[in-house]
Amino acid sequence: MRFSRWHLLLMPLALLFLFPLVQMLLTGFMSDAEINRFPPGLIPTSLHLEGYIGLFQETPILHWLLNTVIVSTISIVSHLVLCSLAGYGFARLKFPGRNLGFFGILATIMIPPQLLMIPTYLMFARIGIVDTLAAAFVPWLASAFGIFLMRQFFLSLPAELEDAGRIDGCGRFGVFWRIVLPLAKPALATLAVFTLLGSWNDLIWPLIAISDQDSFTLQVGLTTFHGARRTSWSLLMAGNVVATMPLILGFVLAQRQFVATMTFSGLKG
492 MRFSRWHLLL MPLALLFLFP LVQMLLTGFM SDAEINRFPP GLIPTSLHLE GYIGLFQETP
552 ILHWLLNTVI VSTISIVSHL VLCSLAGYGF ARLKFPGRNL GFFGILATIM IPPQLLMIPT
612 YLMFARIGIV DTLAAAFVPW LASAFGIFLM RQFFLSLPAE LEDAGRIDGC GRFGVFWRIV
672 LPLAKPALAT LAVFTLLGSW NDLIWPLIAI SDQDSFTLQV GLTTFHGARR TSWSLLMAGN
732 VVATMPLILG FVLAQRQFVA TMTFSGLKG
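Each step along the sequence shown adds one to the number in the numbering used here, with nothing skipped, and position 24 is 515.
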């Protein structure tokens with residue numbers, strides 16, 4: 492591992508961003524009295540498990556977690572299938588209006604999500620999926636950013652590989668499935684990470700579309716720990732730990748593919 496002078500700057504910044512996560516973990520082991528004392532303490536004087544015990548005994552946290560896993564899984568699978576097919580079509584297939592259609596889809600990224608909430612709610616109410624788990628994952632079935640990401644990656648692949656496959660007798664879909672898609676694993680992993688982060692942490696739309704506690708996702712369920720006069724901080728911090736750990740694990744597992752795609756797709760900052 493090469494050491495650069497930039498590490499002298501990046502390491503303190505990394506510790507700065509790591510501090511809230513460490514504080515959240517430590518606060519989860521504090522009692523409510525210790526959390527609310529003044530001046531606040533950073534390190535618990537003793538380990539208290541009341542937050543985690545109350546979280547699993549007093550709330551349906553596991554059911555909320557299961558709902559969130561279902562929403563995120565459906566969103567990831569759908570994103571990988573639909574966005575890869577659409578991205579490959581815009582990158583390789585030649586048809587009238589291809590560029591116009593692509594830029595039309597890309598332009599939807601600039602539309603504020605708040606403008607779409609009322610029309611989306613009315614549409615979902617007409618088809619009868621408001622207040623169900625489907626209302627949480629249908630908006631995540633595909634996205635303009637996912638199509639853009641996959642198209643950019645497919646454009647970086649040599650077209651000669653596909654020509655060789657077609658000479659060997661593969662059809663268009665066979666070339667896509669057997670040659671192109673295996674090479675797109677870094678892009679697929681990155682798209683999965685982005686989709687996981689978005690669908691897992693989505694709060695505003697599920698909070699509007701879902702009021703049945705049985706259909707709550709994890710983020711919506713955590714809002715019930717807030718009250719107008721009182722907030723259960725120990726439960727809230729323990730719930731945040733449960734909600735955050737799967738995301739950290741997912742990013743660690745896909746870190747190499749994430750960096751590789753940022754390099755090949757032209758999204759470097």
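Note that beta-carbon positions come from the ideal geometry of N, C-alpha and C, so glycine has one too.
Boundaries (first-last residue) of the alpha helix (DSSP H) holding residue 570: Here residue 570 refers to the residue found at position 79 when the sequence shown is read from its first residue. From DSSP, the alpha helix (DSSP H) with residue 570 extends over 552–583.
Assumed close pair residue 559, residue 691 - CB separation to whole angstroms, cut-off 8 Å: As a position in the sequence shown, residue 559 is number 68, starting the count at 1. As a position in the sequence shown, residue 691 is number 200, starting the count at 1. That belief holds up - the Cβ atoms of residue 559 and residue 691 are roughly 6 Å apart, short of 8 Å.
Residue 704, enclosing alpha helix (DSSP H) - first and last residue: Here the question's residue 704 lines up with position 213 in the sequence shown. Premise fails: residue 704 is in no alpha helix (DSSP H) and is neither H nor E.
Residues near residue 589 by beta carbon distance below 7 Å, same chain, minus five either side: Translated into the one-based positions of the sequence shown, residue 589 becomes position 98. Result list for residue 589: 581, in chain order.
Nearest-angstrom Cα separation, counted from residue 731 out to residue 738: By 1-based counting over the sequence shown, the position of residue 738 is 247. By 1-based counting over the sequence shown, the position of residue 731 is 240. Those two C-alpha atoms are separated by around 11 Å.
Option in 684, 530, 528, 723 with minimal Cα separation from residue 568: Residue numbering aside, residue 568 sits at position 77 when the sequence shown is read from its first letter. Considering only alpha carbons, the answer is 684.
First and last residue of the uninterrupted alpha helix (DSSP H) at residue 736: The residue you call residue 736 lines up with position 245 of the sequence shown. Taken as a continuous stretch (DSSP letters only), the alpha helix (DSSP H) holding residue 736 covers 724–744.
Range of the contiguous alpha helix (DSSP H) that encloses residue 498: For this step, residue 498 is matched to residue 7 along the sequence shown. 498–518 is the extent of the alpha helix (DSSP H) around residue 498.
C-beta contact flag for residue 626 and residue 615 at 7 Å: For the purposes of this step, residue 626 is taken as residue 135 along the sequence shown, with counting starting at 1. For the purposes of this step, residue 615 is taken as residue 124 along the sequence shown, with counting starting at 1. For residue 626 and residue 615, yes; Cβs fall inside 7 Å.
Expected contact under 8 Å - CB spacing of residue 546 and residue 734 to nearest Å: Looking up residue 546 in the sequence shown gives position 55. Looking up residue 734 in the sequence shown gives position 243. Taking 8 Å as the upper bound for CB-CB distance, residue 546 and residue 734 are not in contact here, some 11 Å apart.
Nearest candidate by alpha-carbon position, reference residue 645, set 522, 628, 668, 633: One-based indexing of the sequence shown puts residue 645 at position 154. Considering only alpha carbons, the answer is 668.
Three-state secondary structure assigned by DSSP to residue 671: Locating residue 671 in the sequence shown gives position 180, counting from the first residue. In this structure, DSSP gives residue 671 a helical state, which the three-state scheme calls helix.
Cβ-based neighbour list, residue 624, same chain, cut-off 7 Å, excluding 5 preceding and 5 following: The residue labelled residue 624 in the question sits at position 133 within the sequence shown. The answer, listed in chain order, is 558, 561, 562, 706.
Candidates 573, 726, 607, of which the one nearest residue 541 by Cα: Sequence index remark: in the sequence shown, residue 541 carries index 50 (1-based). Ranking 573, 726, 607 by Cα distance to residue 541 puts 726 first.
Test item: CB-CB of residue 652 and residue 670 under 7 Å: In the sequence shown, counting from the first residue as 1, residue 652 sits at position 161. In the sequence shown, counting from the first residue as 1, residue 670 sits at position 179. Yes, Cβ-Cβ distance for residue 652 and residue 670 is below 7 Å.
Classification of residue 762 by the beta-carbon crowding that lies within 10 angstroms, buried from 16 upward: Given that the chain is displayed from residue 492 to residue 760, the structure contains no residue 762 and the question cannot be resolved.
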